[in-house]
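These notes are about the structure you will find just below.
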Amino acid sequence: MHFTSAFISFSFVTTSLLCLANASTATAKVSPDDVKRVQLFVRETPLTVNGKTIMMGSVVQADGTQGYSPNQADGMHVDVINQLNVPTSIHWHGLSLPNSMDGVAFVTQEPIAPGNTFSYDFPLKETGTYWMHSHYALQEQYLVSAPMIIWSDAERAKADKQFVITLTDFSFTSPEAILQGLRNAPAMDMKTGSKPMPEMKEMPGMQEMPTATQPQVIAQQWDEANSQFVRAMVNAPIANTDVKYDALLANRRTVDDPDVMKVNPGDTVLLRIIAASCETDFFIDTGSLDAELLAVDGQPIQPLSGNFFQLAIAQRIDLRVTIPKAISNTTSSDGAVFPITMQGEGTTLTCGVVLTTGSTSDSAAMSALPKTASMTTAALDNTQEMRLRATAPLATKKIDRTLPAVLSGTMDGYQWFINGIKYPTRDVLTVKLGERVEMVLTNKTPMGHPMHLHDGAFQVIEIDGKPISGAQRDTIEVPPHSIIKIAFDADNPGIWPFHCHIPYHADSGMCTMLKYEGVETPHWHPEEVPSEKSGL
Ligand SMILES: [Cu+2]
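Per the numbering used here, the sequence shown starts with residue 35, numbered consecutively.
Written as structure tokens, this is what we have:
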């Protein structure tokens, strides 16, 4: 939970080359017998946003490819080489793996010092859409994150063409300055002055209910007649968000310069969308293309259709669209254009990608996305989550242990809590090997929290009092004032972080550990480290 020192220089390209560690530290460790071993470099990469070029973080292979997408059968064998001038560690988000491979600085390993290498080796249990990101300080906001698709024959067979879309939020203000600003802001001015933040006290009936006098905002609804998720305009409160961003990015590109993806009439196209953002949930609009929702967080669900979806921070969604055989919406003489638009929750900022057929001109493709949304949005809610059903639910078993996880906060100094406790602490959640565990996530705040439990998937089993055989996933959005129950089997001993995936919340206390009884790691000393150094 560093926030004090300069991690990655946040400076313009002319001055930031100072930050590269000596390139000689990247010496190859590949052994001839180990052909699937891959080097991943954590380094600065230039990024141009709104006409300015700035150095940001990245996790890339030697050829510049973002992230690494292994075959499941090959397992994971990577050397992470830190070429920043500050420490780092890389977490494999959503994977069930040996605790020592989880990549969490100060919990499962020491940080990787500048110029050093850490080798991660583990078998891959999952297939599908995952991602990797720094678990050190606020480096996710520096874009130290990348996709990780785990391939199998079944994953490859899901569509004629497949594309990965990684979503991030971008600010020219450094994350340390953003966090300091949040901590210094007066309680009634938390929302960057735009409107007062409701107090986050545990008050019954404090939830803002939609009324006719509220503004029109964009929300997702379930269209019962057509059995699909659709975009709707409703009178409802605008979503509460802490940070105002300069841009949203899809594959590190702004809405003015989108990734253009070539497809053919009649193709099925799988979009593997990753929310690698820090403070931005997304609404995804597939426009004229109806989509099948096939998986969330890499885990298959019973398919649902629609053209408007919700995606919370750190979650993933797999959407399969079919390009029409006969193109009717041709917008240029020689090809058709299908924009896929993402709008940030509580903002009019957008980003996206464009699918095109034929030889559509770049300018036609580039201009297909709305530069800004016509209106802002409501908060993410349970509309989508309530309808998700796991294809492989947990086996029926009695609950051995129920763990509460009450999410609360105070604007006084920007502090966030789980069960009234602010991390770092040794007073964490405990389980025993072999138990079926249920967690009750109760959000007492007017802001949604994307809660992430390390070590693979859990199942959503109840939403606001309604039992469901919900999705298997690794990150659950708990909307304002919602209560969501999840369940999992405690079958992998370790010390596993459980935290809000908004780094500003996690670093301000909304974090704990799921600790197996009797398990310690040599790296976890929560009582010894100041909050600035606790590493989440
Ligand atoms: Cu949070």
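We put the beta carbon where it would ideally sit given N, CA and C, even for glycine.
* Tell me whether Y448 sits in a helix, a strand or coil according to DSSP, three-state version. => coil
* To do: Can you grab the Cα-Cα spacing for the pair Q214 / T122, in whole Å?
  => 21 Å
* To do: Would you check whether ligand 1 has a heavy atom nearer than 7 Å to the C-beta of H483?
  => yes
* Put T48 into one of helix, strand or coil per three-state DSSP. => Per-residue confidence for T48 stands at a pLDDT of 28, beneath the threshold of 50, marking its modelled position as unreliable; the derived number appears in the next sentence. In the displayed model, T48 falls within coil according to three-state DSSP, outside both helix and strand.
* Which of the three DSSP states, helix, strand or coil, is assigned to M222? -> Confidence in M222 is poor, its pLDDT being 41 and thus under 50, which makes the residue's placement unreliable; the coordinate value appears in the next sentence. Helix at M222.
* **Proximity to I510 [Cα-Cα], best of C534, G447, N341, D446** => By alpha-carbon distance to I510, the top candidate from C534, G447, N341, D446 is C534.
* Asked: So E189 is in the alpha helix (DSSP H); what residue range does that whole segment cover?
  -> 187 to 190
* Determine, using beta carbons only, whether G162 and A346 come nearer to each other than 8 Å. => no
* Asked: From which residue to which residue does the beta strand (DSSP E) around Y164 run?
  -> 162 to 168
* Within this structure, are the beta carbons of F343 and Q418 separated by less than 8 Å? -> yes
* To do: Tell me whether Y102 sits in a helix, a strand or coil according to DSSP, three-state version.
  => coil
* Asked: Alpha carbon to alpha carbon, what distance is there between V494 and S516?
  -> 13 Å
* Buried or exposed: which applies to E554, given that a residue is buried once 16 or more other Cβ atoms fall within 10 Å of its Cβ? -> exposed
* Asked: What separation, rounded to the nearest whole angstrom, lies between the Cα atoms of P358 and I374?
  -> 15 Å
* **Euclidean distance between Cα positions of V72 and P271** => Those two C-alpha atoms are separated by around 47 Å.
* **Status (buried if at least 16 other CB within 10 Å, exposed otherwise) for G552** => exposed
* Asked: In terms of residues, what are the limits of the beta strand (DSSP E) holding A325?
  -> 325 to 330
* With DSSP run on the structure shown, which of helix, strand or coil describes E419? -> helix
* Nearest to K432 by CA position, among F197, H167, F522, is which residue? -> F522
* To do: Please list, in chain order, all residues of the same chain as D434 whose beta carbon is under 6 Å from its beta carbon, the five residues on each side excluded.
  => E469, R470
* Do E379 and A273 have their C-beta atoms within less than 8 Å of each other? -> yes
* Closest residue to Q175 among F206, P292, P513 (Cα-Cα distance) -> F206
* To do: Report buried or exposed for E258, applying the criterion of at least 16 other Cβ atoms within 10 angstroms of its Cβ.
  => exposed
* Based on Cα-Cα distance, which residue from V388, L353, N285, A398 lies nearest to S92? -> N285
* Asked: How about N341 and G321: are their beta carbons less than 8 Å apart?
  -> yes
* Asked: Can we count C312 as close to ligand 1, meaning its CB is less than 7 Å from some heavy atom?
  -> no
* Go ahead and pull the three-state DSSP assignment for A309. => strand
* Pairwise C-alpha distance: L282 and L548 -> Going by C-alpha positions, L548 is about 33 Å away from L282.
* Please work out which residues of its chain come closer than 6 Å, Cβ to Cβ, to A62, disregarding the five sequence neighbours upstream and downstream, and give them in chain order. => In this predicted model, A62 has a pLDDT of only 43, less than 50, meaning its place in the structure is not dependable; the value taken from the coordinates is given anyway. Excluding sequence neighbours, A62 sits near nothing in its chain.
* In its own chain, which residues sit with a C-beta less than 6 Å from the C-beta of K192, not counting the 5 before and 5 after it? -> L304
* **the segment 444 to 463 touching the segment 408 to 427, judged by at least three CB pairs closer than 8 Å** => no
* Asked: Any heavy atom of ligand 1 within a distance shorter than 7 Å of the CB on C545?
  -> no
* Which one or two residues does DSSP pair with S339 in a beta bridge? -> Q262, E326
* To do: Check the DSSP bridge columns for G386 and list the partner residues they point to.
  => According to DSSP, G386 shares a beta bridge with T375.
* **Spatial neighbours of L353 in its chain, beta-carbon cut-off 8 Å, leaving aside the 5 residues before and after** => L304, L305, I307, I318, T320, A325, E326, L327, L328, F343
* Residues bridged to E472 by DSSP? -> T436, A521.
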